[in-house]
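Asker:
2 protein chains.
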Amino acid sequence: MDLFASQDAGLSALFAPRSIAVVGASTSAQKIGGIPIDYQRRFGFDGAVYPVNPHAERIQELPAWPSVQAIGRPVDLAILAVPAPLVDSAFDDAVQAGAKGVVLFSSGFAEVGAEGAAAQARLGARARAAGVRLIGPNCLGFMNVARHVYATFSPAPNVGRVQPGRIGLVSQSGAFGAYAYAMARARGVGLSLWATTGNEADVQLADCLAWLAQDPGTDVIMGYIEGCRDGPRLRAALALAQAAGKPVVMVKVGSTALGAQAAASHTAALAGDDAVYDAVFRRYGVLRARTLTEFFDLAHSAAVAGRPRDRSIGLFTLSGGVGALMADDASAQGLDVRPLGQAAQDRLRDWVPFAAPRNPVDITGQVTNDLSLMERAARLMLDDQRFASWMGFLAAAGASDAFWPVLRSLVAALREAYPDTLLAVSTLLAPERRAELEAMRCLVFADPSDGIRTVAALAGLPAPGAVAPVAASTGPALALAPGALSEPAALALLAEAGVPVVAHRVVHSADAATAAAEALGGRVALKIVSAGIAHKSDVGGVALGLQGAAQVRAAFEATRASARAALPAARLDGALVARMVEGGGVECIAGVHRDPVFGPILMFGLGGIHVETLRDVVLRPLPLAPGDAQAMLGELRGAAILDGARGRPPVDRDALAAALQALADFALRAGDTLASAEINPLIARPVGEGGCVAVDALIVGSAA
Amino acid sequence: MDLFASQDAGLSALFAPRSIAVVGASTSAQKIGGIPIDYQRRFGFDGAVYPVNPHAERIQELPAWPSVQAIGRPVDLAILAVPAPLVDSAFDDAVQAGAKGVVLFSSGFAEVGAEGAAAQARLGARARAAGVRLIGPNCLGFMNVARHVYATFSPAPNVGRVQPGRIGLVSQSGAFGAYAYAMARARGVGLSLWATTGNEADVQLADCLAWLAQDPGTDVIMGYIEGCRDGPRLRAALALAQAAGKPVVMVKVGSTALGAQAAASHTAALAGDDAVYDAVFRRYGVLRARTLTEFFDLAHSAAVAGRPRDRSIGLFTLSGGVGALMADDASAQGLDVRPLGQAAQDRLRDWVPFAAPRNPVDITGQVTNDLSLMERAARLMLDDQRFASWMGFLAAAGASDAFWPVLRSLVAALREAYPDTLLAVSTLLAPERRAELEAMRCLVFADPSDGIRTVAALAGLPAPGAVAPVAASTGPALALAPGALSEPAALALLAEAGVPVVAHRVVHSADAATAAAEALGGRVALKIVSAGIAHKSDVGGVALGLQGAAQVRAAFEATRASARAALPAARLDGALVARMVEGGGVECIAGVHRDPVFGPILMFGLGGIHVETLRDVVLRPLPLAPGDAQAMLGELRGAAILDGARGRPPVDRDALAAALQALADFALRAGDTLASAEINPLIARPVGEGGCVAVDALIVGSAA
């Protein structure tokens, strides 16, 4: 995607200004127009700062200017801290003065109603026309931590500043961003850029994510999103981060109806379907954090340790009980806790007769009698199985002055001997000691369960370079007419696209129906054909399991009569005679719908109660990535049913995946002319018995 | 239950000794036999300490004695820190000297094999015979924090001591217990008693739990369990805690196969079925913690704030984003986030035009202009809806010196005005400030999600006084013969017990079968009767949907012939003719099996793939508590299916619950003579259409 072909030069100028004007400058370091001046002066900004206020000569010991243009020297960034009615003229002044970027703190725009929204839209358009990047309105601005730029009025840095680091954090919400800043400080997490995007008249969260994906000073990206205004833009930004191998950790609120309602009352952004966001995040390997603790654990850990080679993990413990706890956690998280080989197990038992030598390896309290046991056992584990990750529960060792040197040299030795192994320890450590181990790329957790959960999440990050280019579509474009297609037309389109459909004929007389039944063979189903009747069985328009000419003939007449009686105005275009799909299989459902934010979304699920009552479905944004269709099958909660529940043979997963891929290609070819498509049922047959077959389909073209 | 009719006097003597002998005393404060002497001397124990060691005159500045008996003064507690071969004589010496309690650190017993297990069993028997309570062997001992008794060789107190408090902690694992002690210290959680039970030759975890349930110094109980040796004992202890209104928080390892394996390799205790433990915990309102963080969050919060009246919660925030996050969490946790009334909402909007006034209430950054808004809005919320819990996200307010007094007086005002409301705030606070709010019974969380999860868990604690006595059985005892009963016999027993069973007749001839079919009416099923054939359909012994004399007669002959051909040796006792249950309903399954630890367990699930593939079943230990049977129905993941999936009417839940209760009563009457009972299918009919009906049943008597 070339939405972000190179790093946004306008954003670079905005985030790394050499000169800053503060419009609406205040003499008080407590006020919105005074705080940024105070911060630039105290926190080490090495560029020029120009207070702009027509009513003052000097502000906070700096000369003040009546306007940005009056400064007469280059101004990279203008911070506007003026009431909403004054924003337009202040913006003009900044643009005239040649500012490349504008941060607009002021509230009173889209969040207050339609008039504010219109004013905001005009501002955005003017920024784009002028080639100026605008952050806000109604935002807390940004901080470029490495360059000591504090273009914010958040009180958070006053309490204490976050250290420079390689994690970039962008938030749509100012208050959330400020709290995250305070948590980063409290947890000793270093940041490169901190930005809040507010009402997003111009710069969106996605723009900042894309900029961070290309920022050499950033390794890991944290994002907080309430609603996305431009789905393709967000997807392009996430694709950039994935291609750059930078882990992205996101918090998205609104996973429940109540949360979505709360988010909607708070933001002007489209809430959208949370399950679709989830699918988009999965598509780009984004780690979705459900809590603030997870948000920081994941991002900080990704920055410290990166991604493990695979899901294998060696678990090491001084306590059998905690070993069992870690085994439970690792097992539940789908990590590969494979046992040591027998020779290694025997060796361990030679050293400690009552050790648990499989995995977890429990060397017991015996270690207190022989401290060398720890490193020997850890090396034995890693030499034997080359685990991608190794995690040791070392009890309260880290809190003991006597034991700390042993712990430090253990980590140093393992880091040197196994440079590509993800190392983690669970122990209680003072912050300085923790930082010392982290500097050796060793993760530290007080709670072993946090460690296991984090390692499992990091193992789910996409492999670097794994981003295969996906074609937008794989065939000639299709243009669907608006409204629902008839069932035969829908089946024909799907068949042409490569979806296996049930053997069927369209007929216009009872004679033709009996002939079709005979030609198809076996038992047949007969359904009226009418584009105007979406629910054929509700009007008696469907007859199943017909055998023999008499039954078929009777059904032809009966379904027509019944449908006419129910809906006299509907036009009947004959009947569809289809071979009954018999002999078992699993009823599935597949479809595509158009999400207002992210466009076409593929859906797959098991039929019947699974989709209707248990809501067990899997979504993917289109186009699919390689392997997506197969992966979707495995992500159902009821996936085991595909593998042959109740003694039945497993279904043909390859055929199902191929049908999903064909449906996806069809949807892409139809583009904007497709409103929705649904195959229900799509019957999955056992392996070797004919793949899968679409028995009924409904396709609806978009209203013009 | 009278297993623990009064607090165990022996344990009281053991946990609160006035004099302690340490056998195997060492001059080194680093050694197992020296540590407890060092601790008693340094940590404020005000009783007598007697080192016992025949090879020394003085130990750590105290006179040493050659034996416990040689001391010649009363010894309440003897700590044995001698090698396994010397344990027997040391124990005898302590008993002869009149010790009331013994702590046995030594390893080399059940954990090393059969011989050690036998020695351990003999020790336990001798302790019981002598009326002495024995903790261990292979344990880290205990600490009575309030009384400064440190009968342990754990190094943990050396790094820093836990403050006295009202939480008792018992662990089967020494290393886990020691880490939990260190975490308690790091988190500022105060303890009453800390105990580890090791191999449990005499004192079990359950005994300690029961003691804590009756200890006036303990309000909240924490337990770590790997495996329970005596199910009824554990249940009795948990019932005591429930009756006393003391929250119990447990960690139980082995929830996965891998974790269970790791736990089994670590402990001599029976692993048992984790799902049964879960059911037992639920029965007694035990909060099961899945991580160490949860373990402490729950226990500490229960001690600080207790149980909220109900699940209603008012959410208050300064950040719309975090408000949405809290709404998501509260919704997912099943809390009742009901909105404020319209008048209160209007009032809020008068104060802050852009506030979100429903619930969460978001008063926005406006609060910085008017600090009084916080208390006014909080009072408005609580006056309007009388929420049982109120939680406020106050951003980084707690970290700001300027804002802290406002926060403190907010909490003080709310505590005074709403004494029975659970108060919680999410903000960043230094430990002293946190303690100050906690002293006002206000919970403090850095992560708002931790807060919501904790409040939801506390709301799940049993209401005080809610422990209804449950009868052990409700009818005359039944004695089942060993082995499988025939189906008619099983149906007859269940019918007598009050479970509705399908209308049926037992016949011994084709003529009788046709007569029975005619008498029953409608379509019938016919099955061979043979106690020796468990799977009748596998041998062709079942025919369904028979209509008319000819079909019934043919089926009678065909099923007999088929079964005889398959199993010539099996004895056929005629056939069972049953009315087909037609017209819809939901196939369920119900049963009772005997757990080796906890005895009879009732199981309920939905039939077919739900139980076989998705393993969606609910368990309860017997006897049921009032309301248990109804509650079980709602705990199925697929519970919505009972409420009428796919347009079907809801089933009769009362009838299902009554059938479960009847099955439970039957199992209690049969007592130890019942190995298992299973009704499959138990068909649940729609409301008003005949309740539910057992269609097939298998009952197996215990082997003699």
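Here the protein sequences come in this chain order: A and B.
Position 137 of the first sequence, counted from 1, bears residue number 137 in the UniProt record's numbering, the numbering being contiguous throughout.
Position 315 of the second sequence, counted from 1, bears residue number 315 in the UniProt record's numbering, the numbering being contiguous throughout.
All residues carry an ideal CB built from backbone N, CA and C; glycine is no exception.
Here the structure is a predicted model, which is why all the values come from computation and not from measurement.
Quick one: residues in its chain with C-beta nearer than 8 Å to the C-beta of residue 27 of chain A, no 5 flanking neighbours on either side, listed in chain order?
Answerer: Reading the first sequence from its first residue, position 27 is the one you call residue 27 of chain A. Within the same chain, residue 27 of chain A has close Cβ partners 34, 56, 59 and 60.
Asker: Thinking just about the alpha-carbon of each residue, which of A:187, A:226, A:220 and A:301 is nearest to the one in residue 198 of chain A?
Answerer: Along the first sequence, read from residue 1 onward, the residue named residue 198 of chain A stands at position 198. Measuring from the Cα of residue 198 of chain A, the nearest candidate turns out to be A:226.
Asker: Return the residue from the list B:650, B:215, B:235 and B:111 that minimises the CA-CA distance to residue 688 of chain B.
Answerer: Within the second sequence, the letter at position 688 stands for residue 688 of chain B. The residue with the shortest Cα to Cα distance from residue 688 of chain B is B:650.
Asker: By the three-class DSSP mapping on this structure, what secondary structure does residue 224 of chain B have?
Answerer: Along the second sequence, read from residue 1 onward, the residue named residue 224 of chain B stands at position 224. Residue 224 of chain B: strand per DSSP, three-state reduction.
Asker: Note down, in chain order, each residue of its chain lying with its Cβ closer than 6 Å to the Cβ of residue 659 of chain B, except the 5 sequence neighbours on either side.
Answerer: Mapped onto the second sequence, residue 659 of chain B falls at position 659. Around residue 659 of chain B: 499 and 692.
Asker: Is it buried or exposed, residue 233 of chain A, if we count other Cβ atoms within 10 angstroms and call 16 or more buried?
Answerer: Position 233 of the first sequence holds residue 233 of chain A. Per the 10 Å Cβ criterion, buried.
Asker: Assign residue 316 of chain A to one of three DSSP states: helix, strand, or coil.
Answerer: Against the first sequence, residue 316 of chain A aligns to sequence position 316. Residue 316 of chain A: strand per DSSP, three-state reduction.
Asker: Looking at C-beta atoms only, is the number of pairs between the stretch 322-331 of chain A and the stretch 446-454 of chain A that lie closer than 8 Å three or more?
Answerer: In short, these stretches touch, since the Cβ pair count reaches three.
Asker: So, do the stretch 500-519 of chain A and the stretch 548-559 of chain A have three or more beta carbon pairs nearer to each other than 8 Å?
Answerer: Touching, per the Cβ criterion.
Asker: Is it buried or exposed, residue 487 of chain B, if we count other Cβ atoms within 10 angstroms and call 16 or more buried?
Answerer: The count along the second sequence starts at 1 and reaches residue 487 of chain B at position 487. Flag for residue 487 of chain B reads buried.
Asker: Using the rule of at least 16 other Cβ atoms within 10 Å of the residue's Cβ for burial, across every protein chain shown, is residue 694 of chain B buried or exposed?
Answerer: Walking along the second sequence from the start, residue 694 of chain B turns up at place 694. It counts as buried.
Asker: Measure how close the beta-carbons of residue 247 of chain B and residue 287 of chain B come, nearest whole angstrom, since I'm counting them as under 8 Å.
Answerer: For the purposes of this step, residue 247 of chain B is taken as residue 247 along the second sequence, with counting starting at 1. For the purposes of this step, residue 287 of chain B is taken as residue 287 along the second sequence, with counting starting at 1. Going by Cβ atoms, the distance from residue 247 of chain B to residue 287 of chain B rounds to 7 Å, so yes, they are a contact pair.
Asker: Got a sec, what are the start and stop residues for the beta strand (DSSP E) residue 144 of chain A sits in?
Answerer: Stepping through the first sequence from its first residue, residue 144 of chain A is reached at position 144. Here the beta strand (DSSP E) through residue 144 of chain A covers 142-144.
Asker: Evaluate the contact criterion for the stretch 60-72 of chain A versus the stretch 85-101 of chain A: three or more CB pairs, one atom per stretch, below 8 Å.
Answerer: Cβ pair count under 8 Å is three or more, so yes.
Asker: Does residue 183 of chain A come within less than 8 Å of chain B when only Cβ atoms are used?
Answerer: The residue labelled residue 183 of chain A in the question sits at position 183 within the first sequence. Closer than 8 Å: yes.
Asker: Per DSSP, what kind of secondary structure is residue 701 of chain A in: helix, strand or coil?
Answerer: To locate residue 701 of chain A, count along the first sequence from 1; it is residue 701. Strand at residue 701 of chain A.
Asker: Between which two residues does the alpha helix (DSSP H) carrying residue 153 of chain A extend?
Answerer: By one-based count along the first sequence, residue 153 of chain A stands at place 153. Neither: residue 153 of chain A is in no alpha helix (DSSP H) and is coded neither H nor E.
Asker: Measuring CB to CB, does residue 378 of chain B end up less than 8 Å from residue 392 of chain B?
Answerer: The sequence position of residue 378 of chain B within the second sequence is 378, counting from 1. The sequence position of residue 392 of chain B within the second sequence is 392, counting from 1. Yes, Cβ-Cβ distance for residue 378 of chain B and residue 392 of chain B is below 8 Å.
Asker: Let me know if residue 364 of chain A comes out buried or exposed under the rule of 16 or more other beta-carbons within 10 Å of its beta-carbon.
Answerer: Taking the first sequence and counting its residues from 1, one reaches residue 364 of chain A at position 364. It counts as buried.
Asker: Mind pulling the chain A residues with CB within less than 7 Å of residue 614 of chain B?
Answerer: If you number the second sequence from 1, residue 614 of chain B lands on position 614. Result: 638.
Asker: Can you find the residues in the same chain that come closer than 6 Å, C-beta to C-beta, to residue 501 of chain A, ignoring five residues on each side of it along the sequence?
Answerer: As a first step, residue 501 of chain A must be located in the first sequence, where it is residue number 501. Answer for residue 501 of chain A: 491, 494, 495 and 694, listed in chain order.
Asker: Nearest chain B C-beta to residue 269 of chain A closer than 8 Å, yes or no?
Answerer: Your numbering for residue 269 of chain A matches position 269 in the first sequence. With a pLDDT of only 44 at residue 269 of chain A, under the threshold of 50, the placement of this residue in the model should not be trusted; the figure read from the coordinates follows. Chain B contact via Cβ: absent.
Asker: Tell me the rounded alpha-carbon separation between residue 337 of chain A and residue 362 of chain A.
Answerer: Taking the first residue of the first sequence as 1, we reach residue 337 of chain A at position 337. Taking the first residue of the first sequence as 1, we reach residue 362 of chain A at position 362. If you take the alpha carbons of residue 337 of chain A and residue 362 of chain A, they lie about 14 Å apart.
Asker: From the DSSP output, in three-state form, read off residue 680 of chain A for me.
Answerer: Taking the first sequence and counting its residues from 1, one reaches residue 680 of chain A at position 680. Here residue 680 of chain A sits in strand by DSSP.
Asker: My understanding is that residue 120 of chain B touches residue 237 of chain B, with C-beta atoms under 8 Å, so please give their C-beta distance in whole angstroms.
Answerer: Residue numbering aside, residue 120 of chain B sits at position 120 when the second sequence is read from its first letter. Residue numbering aside, residue 237 of chain B sits at position 237 when the second sequence is read from its first letter. At roughly 22 Å, the Cβ-Cβ gap does not stay under 8 Å, so residue 120 of chain B and residue 237 of chain B are not in contact.
Asker: Identify the contact partners of residue 105 of chain A in chain B, using a Cβ-Cβ distance below 8 Å as the criterion.
Answerer: Here residue 105 of chain A refers to the residue found at position 105 of the first sequence. Those within 8 Å of residue 105 of chain A in chain B number zero; the least Cβ separation is about 11 Å.
Asker: By the criterion of Cβ-Cβ separation under 7 Å, what are the contact partners of residue 447 of chain A in chain B?
Answerer: In the first sequence, counting from the first residue as 1, residue 447 of chain A sits at position 447. The answer, in chain order, is 291, 292 and 293.
Asker: At which residue ranges does the stretch 587-620 of chain B contain complete alpha helix (DSSP H) runs of 4 or more residues, listed in the order of the chain?
Answerer: List check, alpha helix (DSSP H) in window: 609-612.
Asker: Roughly how many angstroms lie between the CA atoms of residue 312 of chain B and residue 277 of chain A, to the nearest whole one?
Answerer: As a first step, residue 312 of chain B is located in the second sequence; it is residue number 312 there, counting from the start. As a first step, residue 277 of chain A is located in the first sequence; it is residue number 277 there, counting from the start. The straight-line gap from Cα to Cα measures roughly 30 Å.
Asker: Counting along the chain, where does the beta strand (DSSP E) carrying residue 485 of chain A start and finish?
Answerer: In the first sequence, the residue the question calls residue 485 of chain A occupies position 485. Element bounds for residue 485 of chain A: n/a, residue is neither H nor E.
Asker: If you check the beta carbons only, do residue 620 of chain A and residue 279 of chain A fall under 8 Å apart?
Answerer: Indexing the first sequence from 1 puts residue 620 of chain A at position 620. Indexing the first sequence from 1 puts residue 279 of chain A at position 279. Contact flag set, yes.
Asker: Terminal residues of the continuous alpha helix (DSSP H) containing residue 181 of chain B?
Answerer: In the second sequence, counting from the first residue as 1, residue 181 of chain B sits at position 181. 174-187 is the extent of the alpha helix (DSSP H) around residue 181 of chain B.
Asker: Which runs of the beta strand (DSSP E), 3 residues or longer, sit entirely within the stretch 509-572 of chain A?
Answerer: Fully enclosed beta strand (DSSP E) runs of 3 or longer: 524-528 and 542-546.
Asker: Give every residue of the same chain whose Cβ lies closer than 7 Å to the Cβ of residue 13 of chain B, excluding the five residues on either side of it in the sequence, and list them in chain order.
Answerer: Along the second sequence, one-based indexing puts residue 13 of chain B at 13. The residues are 76, 100 and 101.
Asker: For residue 10 of chain A, which residues in the same chain have their Cβ closer than 6 Å to its Cβ, ignoring the five residues on either side in sequence?
Answerer: Sequence index remark: in the first sequence, residue 10 of chain A carries index 10 (1-based). Only 133 meet the Cβ criterion.
Asker: Below 8 Å, how does it come out for the stretch 43-56 of chain B and the stretch 17-24 of chain B: are there three or more Cβ pairs, yes or no?
Answerer: They touch, by the three-pair rule.
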